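The block underneath contains the structure these notes are about, expressed in structure tokens.
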Amino acid sequence: MDAILRSSPSKLVRENPLALMTIILQQCGFTSENKRQGLDSNILSAEFMTGSTPWNDPNIAVVQKPNNFFEATSVLHLSYNNLIFVHHAINFEVNTWKHLRTMADDQRIKPLLKARASDDEWHSILDEMDFELGHTTCRRGQVDCLKERTTVQIDVSIFSAGIFEINERSWVSYVASTIPVTFTTVAVGLIFLERQKIGQALLVLRGVTKEIRKETVPGNIRSV
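The sequence shown runs 1112 to 1335 under the numbering used here.
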């Protein structure tokens, strides 16, 4: 907290609670954006390897390409997991910006939030919050796109690595092998249950037959 206050020369940050919360939330945004950029670089390196990007910027040479498709797949899986955490973090930022903006519009607490800020300073704070809300919402959209790009690159890397041979015979085997085992288990279970029911019915029928035979044996016929 002291570092944030020292890094901000504005006296307003020290005296206005909403300005202070704005600065803190901006710092959270810097952290999540820095993480997002690193993950974007990982995904871009995989796209270079698979030839999935037309990017031809010479400055992009700083991106380290994976050594092979197996390494690329591992990096992509890790990147996707990290993107989930980044997405949750940015969701928190968006929701917090919306909440702060709602508080600022609440006339009951506006005097407390405005504190010693002048009207111009107050409107400047509101404008900053509106900008950050829009910007953070856009960053969340970027993370959604990164997750989709990662999924595509994982599929491309898997097939490029030769794990599955792409030919007619291999596709038949692949599709056959991906039929959920659960379906087979359920089907066998149903057959077993049906057999159990049939067996129980036969036992009941046999018991009834024995009773009928006893009733029809001479000397065992009961008078009505």
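A virtual CB, placed ideally from N, CA and C, is assigned to each residue, including glycine.
On a predicted model such as this, the values are computed, not experimentally measured, just so you know.
May I have the straight-line CA-CA distance separating SER1143 from ALA1226, to the nearest angstrom? The residue you call residue 1143 lines up with position 32 of the sequence shown. The residue you call residue 1226 lines up with position 115 of the sequence shown. Our two residues, SER1143 and ALA1226, have alpha carbons roughly 30 Å apart in a direct line.
Give every residue of the same chain whose Cβ lies closer than 7 Å to the Cβ of GLU1207, excluding the five residues on either side of it in the sequence, and list them in chain order. The sequence position of residue 1207 within the sequence shown is 96, counting from 1. Residue 1207 is actually Thr in this sequence, not Glu. Same-chain partners within the cutoff: LEU1136.
Write down the C-beta distance between ARG1250 and ILE1201 rounded to the nearest angstrom, noting that I regard them as a contact closer than 8 Å. Taking the first residue of the sequence shown as position 1, residue 1250 is located at position 139. Taking the first residue of the sequence shown as position 1, residue 1201 is located at position 90. Approximately 6 Å separates the beta-carbon atoms of ARG1250 and ILE1201; this is inside 8 Å, confirming the contact.
Is the number of C-beta pairs between the stretch 1186-1197 and the stretch 1151-1164 that are closer than 8 Å three or more? A contact between stretches requires three or more CB pairs, one per stretch, nearer than 8 Å, and the stretch 1186-1197 meets this requirement with the stretch 1151-1164.
If GLU1158 sits next to GLN1264, beta carbons under 8 Å apart, how far is it from one beta carbon to the other, in whole angstroms? For the purposes of this step, residue 1158 is taken as the residue at position 47 of the sequence shown. For the purposes of this step, residue 1264 is taken as the residue at position 153 of the sequence shown. Confirmed, about 6 Å.
Residues near LEU1211 in its chain [Cβ-Cβ closer than 8 Å; skip 5 each side]: Counting from one through the sequence shown, the residue named residue 1211 turns up at place 100. Hits under 8 Å: LEU1129, MET1132, THR1133, LEU1136, MET1240.
If you run the structure through DSSP and keep just helix, strand and coil, what is GLN1148? Position 37 of the sequence shown, counted from the start, is the residue given in the question as residue 1148. In the structure shown, GLN1148 sits in a helix (DSSP, three-state: H, G or I).
Beta-carbon spacing of SER1268, THR1161 below 8 Å: For this step, residue 1268 is matched to residue 157 along the sequence shown. For this step, residue 1161 is matched to residue 50 along the sequence shown. Cβ distance < 8 Å, so SER1268 and THR1161 count as in contact.
Which residues in the same chain have their Cβ closer than 8 Å to the Cβ of LEU1244, if we skip the five residues on either side of it in sequence? Position 133 of the sequence shown, counted from the start, is the residue given in the question as residue 1244. Cβ-Cβ distances below 8 Å link LEU1244 to VAL1205, TRP1208, LYS1209, ARG1212 in the same chain, with the five nearest sequence neighbours on each side left out; the list follows chain order.
With DSSP run on the structure shown, which of helix, strand or coil describes GLN1218? What you label residue 1218 is simply residue 107 of the sequence shown in a count that begins at 1. Coil, per DSSP.
From ASP1255 to PHE1181, what does the alpha carbon distance come to, in whole angstroms? Within the sequence shown, residue 1255 is the residue found at index 144, counting from 1. Within the sequence shown, residue 1181 is the residue found at index 70, counting from 1. Taking the Cα positions, ASP1255 is about 24 Å away from PHE1181.
Straight-line CA distance for LEU1223 to HIS1246? Residue mapping note: residue 1223 aligns to position 112 of the sequence shown, counting from 1. Residue mapping note: residue 1246 aligns to position 135 of the sequence shown, counting from 1. Our two residues, LEU1223 and HIS1246, have alpha carbons roughly 27 Å apart in a direct line.
If you reduce the DSSP assignment to three classes, tell me which class PRO1128 lands in. Position 17 of the sequence shown holds residue 1128. Three-state result, PRO1128: helix.
Would LEU1194 and LYS1122 be called neighbours here (beta carbons separated by less than 8 Å)? Numbered from 1 along the sequence shown, position 83 holds the residue referred to as residue 1194. Numbered from 1 along the sequence shown, position 11 holds the residue referred to as residue 1122. Not in contact: LEU1194 and LYS1122 (Cβ atoms no closer than 8 Å).
Straight-line Cα distance separating GLN1138 from MET1214: By 1-based counting over the sequence shown, the position of residue 1214 is 103. By 1-based counting over the sequence shown, the position of residue 1138 is 27. C-alpha separation (whole angstroms): 20 Å.
Outcome for THR1262 when other beta-carbon atoms lying within 10 angstroms are tallied against a minimum of 16: Your numbering for residue 1262 matches position 151 in the sequence shown. THR1262 sits exposed, since fewer than 16 C-beta atoms from the chains shown fall within 10 Å of its C-beta.
Below 8 Å between beta carbons: does that hold for ALA1228 and ASN1127? Position 117 of the sequence shown, counted from the first residue, corresponds to residue 1228. Position 16 of the sequence shown, counted from the first residue, corresponds to residue 1127. Taking the C-beta atoms as reference points, ASN1127 is found nearer than 8 Å to ALA1228.
Same chain, Cβ closer than 7 Å to ILE1220, five either side skipped, listed in chain order: Indexing the sequence shown from 1 puts residue 1220 at position 109. Closer than 7 Å at the Cβ level, and outside the excluded window around ILE1220, lie MET1214.
Just tell me which of ASP1266, ASN1192, ALA1183, ASN1178 has its CA closest to the CA of ARG1147. Here the question's residue 1147 lines up with position 36 in the sequence shown. When each option's Cα is compared against that of ARG1147, the closest is ASN1192.
Cβ-Cβ separation, VAL1197 to LEU1237 (assumed contact under 8 Å), whole Å: For the purposes of this step, residue 1237 is taken as the residue at position 126 of the sequence shown. For the purposes of this step, residue 1197 is taken as the residue at position 86 of the sequence shown. Taking 8 Å as the upper bound for CB-CB distance, LEU1237 and VAL1197 are not in contact here, some 27 Å apart.
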